[in-house]
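The structure under discussion appears below in the form of structure tokens.
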Amino acid sequence: MLSKPILKQSIQANWKLWLIITIVASTILSGFIISYDAAGFASIAAAAEGTAFSNILSSLTSLLGSLENFYKLISVILGIVYVVFTANNLVVNEVDSGSLAYTLSTPIKRSSVILTKSLYLILSVTLMYLIISLAGLGASQLQFNNVTGYPITDDVKAAAETLNQEERYLSERLYLIQEDEHAMREAAVARDMDTEAYAIYLEDLIRNRSYKEAAEIITDERWDIYEDDDDMEDSDIEITTEELLEQPEMLLTSNDALAAGARIHGISINDYRELVVGEIDALEVVEFENTEPVEEETPEIEPVETEENQEETDETNENEESEEVEETVVVQDTVASTPQREVSEDNAELLLQTVIDSSATALDINSEQVRDNLTFIKDPTALALSTQTTGLNTDQIIMMANHAMVSSARSVDRALEFDVETYFWLSLGLLLLILAMSSISFFASTLFNRTGLALAVGGGIPFAFFLITMIQQLMDSANGLEYMTITTLFDTDAILSSGEFGWGLVALGAIAFVLYTASNILFTKKDLPL
Amino acid sequence: MAYIEIEHLTKDYGKGRGIYDVSLEIEKGEVYGFVGINGAGKTTTIRHMMGFIKPDEGNVSIKGLDATKSSAEVKRYVSYIPGEINFPGNTTGEEFLKEHIYLSGRGSWERAQELIELLQLDATANVHAMSKGMKQKTAIVTALASDADILIMDEPTTGLDPLMRDIFIDLLKEEKEKGKTIFMSSHIFQEVEEICDRVAVIQQGRIIEVVDMKNIRYNKNKEYRMEFKSEEAFKQFISLGYQINRVKPEDLQVFVQIHDEQINELIQSLKSFDLVYFKEIKVHFEDYITEVFKEDV
Chain A
342 MLSKPILKQS IQANWKLWLI ITIVASTILS GFIISYDAAG FASIAAAAEG TAFSNILSSL
402 TSLLGSLENF YKLISVILGI VYVVFTANNL VVNEVDSGSL AYTLSTPIKR SSVILTKSLY
462 LILSVTLMYL IISLAGLGAS QLQFNNVTGY PITDDVKAAA ETLNQEERYL SERLYLIQED
522 EHAMREAAVA RDMDTEAYAI YLEDLIRNRS YKEAAEIITD ERWDIYEDDD DMEDSDIEIT
582 TEELLEQPEM LLTSNDALAA GARIHGISIN DYRELVVGEI DALEVVEFEN TEPVEEETPE
642 IEPVETEENQ EETDETNENE ESEEVEETVV VQDTVASTPQ REVSEDNAEL LLQTVIDSSA
702 TALDINSEQV RDNLTFIKDP TALALSTQTT GLNTDQIIMM ANHAMVSSAR SVDRALEFDV
762 ETYFWLSLGL LLLILAMSSI SFFASTLFNR TGLALAVGGG IPFAFFLITM IQQLMDSANG
822 LEYMTITTLF DTDAILSSGE FGWGLVALGA IAFVLYTASN ILFTKKDLPL
Chain B
4 MAYIEIEHLT KDYGKGRGIY DVSLEIEKGE VYGFVGINGA GKTTTIRHMM GFIKPDEGNV
64 SIKGLDATKS SAEVKRYVSY IPGEINFPGN TTGEEFLKEH IYLSGRGSWE RAQELIELLQ
124 LDATANVHAM SKGMKQKTAI VTALASDADI LIMDEPTTGL DPLMRDIFID LLKEEKEKGK
184 TIFMSSHIFQ EVEEICDRVA VIQQGRIIEV VDMKNIRYNK NKEYRMEFKS EEAFKQFISL
244 GYQINRVKPE DLQVFVQIHD EQINELIQSL KSFDLVYFKE IKVHFEDYIT EVFKEDV
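So the protein sequences, as listed, match chains A and B.
Sequential numbering of the first sequence, starting at 342, is according to our numbering.
Sequential numbering of the second sequence, starting at 4, is according to our numbering.
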């Protein structure tokens, strides 16, 4: 049975440390989230692709992935500090100093004393991590608006201003940007793209979102159908966006899914149905021909020759980087009517780098600036040099630039996605880990009668776990260390990559349950030197 | 059945430490002293009474309730002063007192204020900032203000100055008049002698003697010491046949033990002798205990 006076006393004695740790952890998490530089990480990760660093950086390419250090180290050590000192304060300190004699000389049962103290620790830890999680959620929502809706990116902000619409409203109706030329221009500039690349990006984004929402609805419908079917695994029932992209015909079976997709496009259900049918046909053609599986982005070589343009380009070339050349975007290289080279997956990265370097040389700026704003590649001067150095024709280069811009923008978008479910599991896993740590401290606190010994064991074990985790994170390799710490049971990598993590969390919960129960039994039976 | 009954209580901590086969009976309304040197087993016995530790063998019952199994229920009738005092929480003395009175479910704040006044305690200080004496006073106020039927106290006068000790003894006498049962351990024989009805003596974990203080206070066999002026008189008196405990021939002194009924006879006999002085030798509990310990060793 719970004892209110004991609870009150526990709160009075421990609230200060609780408050400090809660504030510190919330601030650090919020700080991590607010300072997350999606574009920066995305470009670093893109640059490091295929190198030894890509593994390390891959975790940084999403907002939640970038929080791994917080979940594995910072919040763990803060939690350990709280639980170790509080667990000591609650039990062994009162036994050692003898002040528990007063509590036990009143008609309060020992069992309710220890139960209340256990519950205080469990509930205070739970509340602490709930507040920390909510702070993170709030920070992300305030900074990126990505918790309750689609992230409000710079282009949406710019377009919202132009269209005089609410950012929030517009972020759910991107087709409104498509419909307005002025908004398109502003939005493109905001994302460091030209209108051409931005149009491709926006179209791609809308298409993806419509499929994503449709996939969710189809999954829900399938849940209703197959819920009681034992033969169906959860993953069989679930339809992911990728699966739907491969088999768009699934869309046609669900009116709700069509409606959702149509809403994203801002068109009628019938129009959307036609759009989907068109995509199905396109897929079938590809499958039927079964030639090289050409990806959409693969440039098709149809060079358009215009002598006048070429001359004009040469003139501007000599005039140096004049801003007026913007109107002569469609420029073609005379010699490159047939490309000397094909762009393939293998050489794409290398070619892009060469193009960037050439553009930088041509425009007399450095490569970083070009990488930050790939529209420089489309500058006629830059194009001229690039065609020479790479042997590609201008269309290929422009296509390549567009592709690079779109994919970089898309990876920024992806990085900013806030998967509430993943966040929930990260938060719950962290809470269970800290509860398991607290149960170790609490057990030591009830087992021993001397503060020093209890602190050494009840603080030493969780701290050792933390140190092992830290070493493991630093070395970034598995060499058996992971079997020596319970933080391994909280598998952030698996949670972030939607892998199998459930049993680890169950084990953490079990550790906490067993040790808290054992503490309760032990304390009611042990001899107290009071 | 006695009000508080300790039966064959044994707790062996090894290496000869612990208590062995301790049996005591304390009646309602009695003031029971528990004496012994440090480490004799006083605190261990008291911890059993409070249900803080479990006996290896034997049991303690208070008001018919098992002190170990029904520990929480027993506390409805018991107030306690621990041997080493520390208060829980981070509060002032006053707050602690109020909280404790509330938790005990008995006693009154008015009584506590009276006691605070009497003991000249500054109860507004934080309990952690208190000196040993202040803590002791606070503990005394806590125990007495909670108005329990039974008071169990482990060396309650440590840290008190002699004046405060007298006040405390008076307070205990008051409690005794109210019909409270008091069990207190002490190593100061004087205070035990002053208020206790019975005293148990514990040595090396075993009860070696239970002394009824009436027998010491109202002992009818008294000892008298006298010195004679002449050796002649000295020798003559010895020959009279009184029970003589000791003689000091060089000082011409004689120690005579005699029952109160015979005192007139002795005085008649002494009329014919030339005396230097004649006085009663008072027996104190302390002397008595010292004798007991001496015999034991």
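Ideal Cβ positions, reconstructed from N, Cα and C, are used throughout, including at glycine.
First through last residue of the alpha helix (DSSP H) which encompasses residue i
i        : result
B:Phe171 : 165 to 180
A:Thr536 : 536 to 567
B:Ser74  : 74 to 77
A:Leu511 : 508 to 512
A:Lys357 : 345 to 375
A:Ser438 : 433 to 438
A:Asp495 : 495 to 504
A:Glu574 : Note, A:Glu574: premise wrong, no alpha helix (DSSP H); not H, not E.
A:Tyr443 : 441 to 445
A:Val454 : 451 to 485
Alpha-carbon spacing of residue i relative to residue j, whole angstroms
i        : j        : result
A:Glu662 : A:Tyr542 : For A:Glu662, the predicted model reports a pLDDT of 40, less than 50, meaning its position is unreliable and no value from the coordinates is stated.
B:Lys223 : B:Asp263 : 5 Å
B:His190 : B:Leu121 : 25 Å
A:Leu808 : A:Thr716 : 47 Å
A:Glu656 : A:Asp720 : With a pLDDT of 41 at A:Glu656, under the threshold of 50, the predicted position of this residue should be treated as unreliable, though the coordinate-derived value follows. Those two C-alpha atoms are separated by around 13 Å.
A:Leu830 : B:Lys57  : 40 Å
B:Gln260 : B:Ser242 : 15 Å
A:Asn505 : A:Asn486 : 19 Å
A:Gly477 : A:Glu823 : 28 Å
A:Pro803 : A:Leu794 : 14 Å
B:Asn218 : B:Ile172 : 21 Å
B:Glu180 : A:Gly800 : 52 Å
B:Lys232 : B:Asp290 : 29 Å
A:Ala756 : A:Tyr377 : 10 Å
B:Lys135 : B:Glu98  : 19 Å
B:Gly140 : B:Lys18  : Going by the sequence as given, residue 140 of chain B is Lys instead of Gly. Answer to the nearest angstrom: the Cα atoms are 36 Å apart.
A:Ile455 : A:Gly770 : 26 Å
B:Thr47  : B:Glu158 : 13 Å
A:Ala848 : B:Ile22  : 45 Å
B:Gln116 : A:Ile775 : 46 Å
A:Asp597 : A:Val425 : 53 Å
Counterpart residues of residue i in DSSP-defined beta bridges
i        : result
B:Met229 : B:Val257, B:Phe281
B:Asn83  : The sequence shown places Tyr at residue 83 of chain B, not Asn. Note: B:Tyr83 sits in a beta bridge opposite B:Ile155.
B:Ser189 : B:Val38
B:Gly21  : B:Asp15
A:Ile718 : None, per the DSSP bridge assignment.
B:Val213 : B:Ala203
B:Val63  : B:Ile9
B:Lys28  : Before going on, a small fix: residue 28 of chain B reads as Glu here, not Lys. Answer is B:Glu8.
B:Thr48  : Partner(s): none; B:Thr48 has no beta bridge.
B:Asp69  : B:Ser64
Any C-beta of chain A under 8 Å from that of residue i
i        : result
B:Ser107 : yes
B:Asp110 : The residue asked about is misnamed: residue 110 of chain B is Gly in this sequence, not Asp. Not one chain A Cβ lies under 8 Å of B:Gly110.
B:Met53  : yes
B:Asn93  : yes
B:Pro85  : yes
B:Asn89  : yes
B:Val286 : no
Chain B contact for residue i (CB, 8 Å cutoff)
i        : result
A:Thr443 : The displayed chain sequence assigns Tyr, not Thr, to residue 443 of chain A. Yes, A:Tyr443 counts as interfacial toward chain B.
A:Ile566 : no
A:Asp868 : yes
A:Gly439 : yes
A:Ile455 : no
A:Leu871 : yes
N-terminal and C-terminal residue of the beta strand (DSSP E) that residue i is part of
i        : result
B:Ala203 : 201 to 206
B:Ile247 : 247 to 251
Chain-ordered chain D contacts of residue i [CB-CB under 8 Å]
i        : result
A:Ser786 : Protein chains in the displayed structure are A and B, and chain D is not among them.
- [ ] Decide if the region 729 to 747 of chain A is in contact with the region 419 to 439 of chain A; the criterion is three or more beta carbon pairs, one per stretch, under 8 Å apart.
- [x] no
TODO: Pair every Cβ in the region 87 to 99 of chain B with every Cβ in the region 353 to 362 of chain A, then say whether three or more of these pairs are closer than 8 Å.
DONE: yes
Open item on the list: With a threshold of 8 Å, are at least 3 pairs of Cβ atoms found where one atom belongs to the region 724 to 739 of chain A and the other to the region 687 to 701 of chain A?
Closed with: yes
Open item on the list: So, does the region 28 to 38 of chain B touch the region 79 to 87 of chain B, judging by three or more C-beta pairs under 8 Å?
Closed with: no
TODO: Decide if the region 560 to 575 of chain A is in contact with the region 532 to 546 of chain A; the criterion is three or more beta carbon pairs, one per stretch, under 8 Å apart.
DONE: no
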